[in-house]
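*Asks:*
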Ligand code: WTA
């Protein structure tokens with residue numbers, strides 16, 4: 112097992128002579144040499160807390176004191192809160208910092224503008240390498256205010272939902288913050304989603320305003336964002352206006368609903384009165400896939416979310432003032448929300464908005480960006496790491512990465528090979544690698560190796576330790592908490608924390624059923640986890656019918672819905688299978704309608720086309736296998752467990768097939784899989 116250590120803050124200040132004797136000094140001072148209060152000022156008042164593990168225990172056993180101190184210290188309030196929390200997980204009631212009022216955009220902008228107006232807030236790493244744009248806090252506040260005024264003038268009111276369909280760019284961030292400033296909620300939709308997927312989200316959110324760009328540019332290719340919005344809006348009667356920003360110089364056809372953002376903004380004032388929002392007012396909706404039903408609009412609220420994003424950003428990554436934080440996730444996902452936008456900006460940090468891809472113009476893009484922008488913390492996805500390691504070390508070594516201090520990973524389990532390459536090659540063996548586990552639902556990182564004693568070990572490929580205020584538990588299928596250290600089962604969280612989602616937009620009952628009822632009194636994550644004898648957590652993957660393709664969630668039911676709309680298809684079953692780059696790929700078992708004959712290649716093209724039109728490219732099946740029937744239980748439920756094994760070519764461990772309606776059918780499916788030979 113590879114162990115990794117890093118000097119803690121006080122010892123980094125030691126003279127070279129003293130550093131020689133560091134192991135000895137550590138013995139003498141013990142772990143206590145890391146003064147927690149020096150690193151986390153709000154911990155100074157906590158009695159009997161002198162190291163990170165004691166602080167973690169305190170944050171769970173006296174979570175109200177912990178979160179009250181953090182909220183007072185980290186956020187600027189226009190009215191103080193009178194209750195720290197009022198939660199009942201059994202009923203899905205989650206309230207933090209009741210009575211408090213604040214404005215998120217003020218917390219992310221104004222308070223930093225007062226202290227350091229010329230500090231860079233955003234570095235927009237545009238698709239074209241070397242053409243980065245820096246935006247200071249003062250500039251970002253100005254743009255946000257102009258946009259806020261524009262939205263207000265055009266009728267957007269407190270409580271409205273504004274849909275934002277844009278790639279990572281300053282205008283997108285300013286749009287998010289402008290919504291926050293005037294009390295509207297935003298609903299960012301990943302700009303890779305199709306017109307139909309966008310329309311579904313606009314309709315569910317009941318947005319009357321959409322913000323987009325004329326075109327997108329990614330990996331050297333231009334995408335027609337405005338045209339996609341036009342197509343979406345046709346089936347969205349709620350939409351009254353579309354604000355169009357110009358990413359490229361190419362004009363687009365404008366309709367009566369369209370507003371040229373840059374032009375109209377010019378006449379707006381650079382000051383915009385922020386609305387004092389209640390802690391529990393909605394900050395944003397973000398749609399994500401579940402195992403059943405259409406994507407759900409998870410609801411995040413103001414104070415708790417912002418506090419949790421800020422605190423995790425600072426402590427999981429060891430972010431210090433002046434650092435450049437490089438989260439390469441798209442703002443269309445929760446990672447982009449919490450760690451490209453809200454966490455860093457709440458901390459007055461400098462954050463990178465990455466518009467490109469890991470391979471454009473070549474596989475050195477990430478590391479050339481690290482060198483040019485002097486990035487200190489780099490946060491990316493295992494799928495990209497796996498892809499890049501195949502291109503060889505020279506693409507990394509070419510560039511100076513000496514600014515890097517922490518390397519983060521998110522979105523899916525990181526396999527040991529990728530972890531070690533990330534640590535050894537990208538981080539030159541000297542950076543902390545943090546595997547961070549969390550979800551759209553959790554708002555921010557819940558399990559990761561840091562914060563902890565900076566000299567504590569980091570085990571490759573493990574998220575390891577709960578963040579402050581997080582109490583993970585592992586459950587058996589009957590809902591019993593497994594108390595032995597070394598165990599595995601369903602991962603739940605035993606008490607509420609400020610960053611967690613509060614509801615599903617317009618369907619609180621679904622929220623309660625999905626997250627609160629499976630294990631009453633606990634937050635149900637849907638993931639499986641193993642706990643080691645040391646008490647460290649390793650996330651093993653989803654326990655439900657959600658697949659994770661390149662770190663993007665997609666419900667099998669959503670893809671089946673589309674495949675089943677094909678005229679030739681009677682029914683289908685979608686499962687995930689392990690893919691060495693994407694983590695998981697999509698495998699489709701398809702039953703044709705009686706008497707229908709198709710050319711398999713044609714069908715495959717047609718289905719892929721349908722899925723990419725109705726959902727997004729990443730959800731397309733890699734393999735389509737025609738089968739006579741699907742394996743079903745006698746009550747008619749598809750045996751996905753069996754199909755997953757078949758897709759993985761694990762033909763021996765199929766388990767008990769006696770409950771199947773037609774056991775012989777499985778043999779035929781296996782034969783079909785063997786014949787296809789695909790892996
Ligand atoms: C998976 C992304 C293993 C997990 C922030 C979770 C992970 C889902 C990890 C959430 C990790 C995320 N190790 N699995 N470090 N991080 N996952 O909502 O299955 O897009 O439930 O949020 O990704 O995906 P989401």
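Residue numbers (this note's numbering): 112 to 790. Ideal Cβ placement from N, Cα and C applies to all residues, glycine included. None of these values were measured; they are calculated from a predicted model.
Apart from the five residues on each side of it in sequence, which residues of its chain come closer than 6 Å, Cβ to Cβ, to residue 507?
*Replies:* Once the five neighbours on either side are set aside, the close Cβ partners of residue 507 are 478, 536, 537.
*Asks:* Is residue 446 near ligand 1, going by C-beta to nearest heavy atom under 7 Å?
*Replies:* Yes - ligand 1 has a heavy atom lying nearer than 7 Å to the Cβ of residue 446.
*Asks:* Hey, quick one: how far does the alpha helix (DSSP H) through residue 777 stretch, first residue to last?
*Replies:* Residues 774–787.
*Asks:* Where do the ends of the alpha helix (DSSP H) carrying residue 315 lie?
*Replies:* Counting along the chain, the alpha helix (DSSP H) containing residue 315 begins and ends at 306–316.
*Asks:* Do residue 171 and ligand 1 come close, with the Cβ less than 7 Å from some heavy atom?
*Replies:* Because no heavy atom of ligand 1 lies under 7 Å away, the Cβ of residue 171 does not count as near it: no.
*Asks:* Comparing C-alpha positions only, which one of 303, 629, 555 sits nearest to residue 467?
*Replies:* For the residues 303, 629, 555, the minimum Cα distance to residue 467 belongs to 303.
*Asks:* Tell me the rounded alpha-carbon separation between residue 406 and residue 615.
*Replies:* Their backbone Cα atoms lie some 10 Å apart in a straight line.
*Asks:* Looking at the strands, I want to know which residues DSSP matches up with residue 599.
*Replies:* BP columns for residue 599 point to 641.
*Asks:* With a Cβ-Cβ cutoff of 8 Å, do residue 633 and residue 584 count as a contact?
*Replies:* In contact: residue 633 and residue 584 (Cβ atoms closer than 8 Å).
*Asks:* Tell me whether residue 144 sits in a helix, a strand or coil according to DSSP, three-state version.
*Replies:* Note that residue 144 has pLDDT 44, beneath the 50 cutoff, so the model's placement of it is unreliable and the number below is only indicative. Note: residue 144 maps to helix in three-state DSSP.
*Asks:* Pairs of beta-carbons, one from the stretch 395–403 and one from the stretch 653–672, closer than 8 Å: are there three or more?
*Replies:* With a cut-off of 8 Å, the stretch 653–672 and the stretch 395–403 count as touching, because enough Cβ pairs lie within range.
*Asks:* Report, in whole angstroms, the separation of the C-beta atoms of residue 396 and residue 409, which I expect to be a contact under 8 Å.
*Replies:* Confirmed, Cβ separation roughly 7 Å.
*Asks:* Spatial neighbours of residue 226 within its chain, please: CB distance less than 7 Å, with the 5 preceding and 5 following residues excluded, ordered by chain position.
*Replies:* Correct list: empty, nothing qualifies.
*Asks:* Using a Cβ-Cβ cut-off of 7 Å (strictly less than) and excluding sequence neighbours within five positions of residue 504, which residues of its own chain qualify?
*Replies:* So the qualifying residues of the chain are 536.
*Asks:* With residue 398 as the anchor, note down where its beta strand (DSSP E) starts and where it stops.
*Replies:* Run containing residue 398: 393–399, per the beta strand (DSSP E) assignment.
*Asks:* Give me the residue from 649, 358, 307 with the minimum Cα distance to residue 325.
*Replies:* Of 649, 358, 307, the residue nearest in Cα terms is 358.
*Asks:* Cβ of residue 512 within 8 Å of Cβ of residue 481?
*Replies:* Against a cut-off of 8 Å, the Cβ pair of residue 481 and residue 512 comes out as a contact.
*Asks:* For residue 692, which residues of its own chain have a beta-carbon under 7 Å away from its beta-carbon, when the five flanking residues on both sides are left out?
*Replies:* Around residue 692: 494, 497, 498.
*Asks:* Please tell me whether residue 455 and residue 411 are closer than 8 Å, where the distance is taken between their beta carbons.
*Replies:* Not in contact: residue 455 and residue 411 (Cβ atoms no closer than 8 Å).
*Asks:* Going by DSSP, which residues form a beta bridge with residue 684?
*Replies:* For residue 684, which the question treats as bridged, DSSP gives the partners 700.
*Asks:* Have a look at residue 282 and residue 254 and give me their C-alpha separation to the nearest angstrom.
*Replies:* Roughly 8 Å separates the two Cα atoms.
*Asks:* If you draw a straight line from the alpha carbon of residue 241 to that of residue 216, how long is it in whole angstroms?
*Replies:* C-alpha separation (whole angstroms): 29 Å.
*Asks:* For the alpha helix (DSSP H) containing residue 715, list its first residue and its last residue.
*Replies:* Counting along the chain, the alpha helix (DSSP H) containing residue 715 begins and ends at 711–725.
*Asks:* Run the CB neighbour count on residue 793, radius 10 Å, all protein chains shown included, and call it buried at 16 or more, exposed below.
*Replies:* For the chain, the structure presents residues 112 to 790; residue 793 sits outside this window and is missing.
*Asks:* Tell me whether residue 402 counts as near ligand 1, meaning its Cβ is closer than 7 Å to at least one heavy atom of that ligand.
*Replies:* Incorrect: residue 402 has no Cβ contact closer than 7 Å to ligand 1.
*Asks:* Nearest to residue 317 by CA position, among 272, 345, 323, is which residue?
*Replies:* Answer by Cα proximity: 272.
*Asks:* For ligand 1, I want to know if residue 582 counts as a neighbour, meaning its beta carbon is within less than 7 Å of at least one of the ligand's heavy atoms.
*Replies:* No, since every heavy atom of ligand 1 falls outside the 7 Å radius drawn around the Cβ of residue 582.
*Asks:* What are the complete beta strand (DSSP E) segments, minimum 3 residues, inside the stretch 522–558?
*Replies:* List check, beta strand (DSSP E) in window: 543–547.
*Asks:* Can you tell which of 682, 211, 205 has the C-alpha that lies nearest to the C-alpha of residue 182?
*Replies:* Nearest option by C-alpha distance: 211.
*Asks:* Report all residues from its chain with a CB closer than 7 Å to the CB of residue 263; omit the five preceding and five following residues, and keep chain order.
*Replies:* 293.
*Asks:* Just list the residues that DSSP pairs residue 236 with in beta bridges.
*Replies:* The partner list for residue 236 (beta bridge, DSSP) reads 465.
*Asks:* Given this structure, state the Cα-to-Cα distance separating residue 547 from residue 191, to the nearest angstrom.
*Replies:* Approximately 32 Å between the Cα atoms of the pair.
*Asks:* Unbroken alpha helix (DSSP H) runs of length 4 or more, entirely within the stretch 369–427: which are they?
*Replies:* As far as the stretch 369–427 is concerned, its whole alpha helix (DSSP H) runs of at least 4 residues are 372–377, 414–427.
*Asks:* Does DSSP put residue 136 in a helix, a strand or coil?
*Replies:* With a pLDDT of 38 at residue 136, under the threshold of 50, the predicted position of this residue should be treated as unreliable, and no value is reported.
*Asks:* Exposed or buried, what is residue 381 when buried is set at 16 or more other beta-carbons lying within 10 Å of its beta-carbon?
*Replies:* By the neighbour-count rule (16 or more Cβ atoms within 10 Å), residue 381 is not buried but exposed.
*Asks:* Within 10 angstroms of its Cβ, does residue 134 collect 16 or more other Cβ (buried), or is it exposed?
*Replies:* Low confidence applies to residue 134: its pLDDT is 40, below 50, so where it sits in the model is not reliable enough to give any reading.
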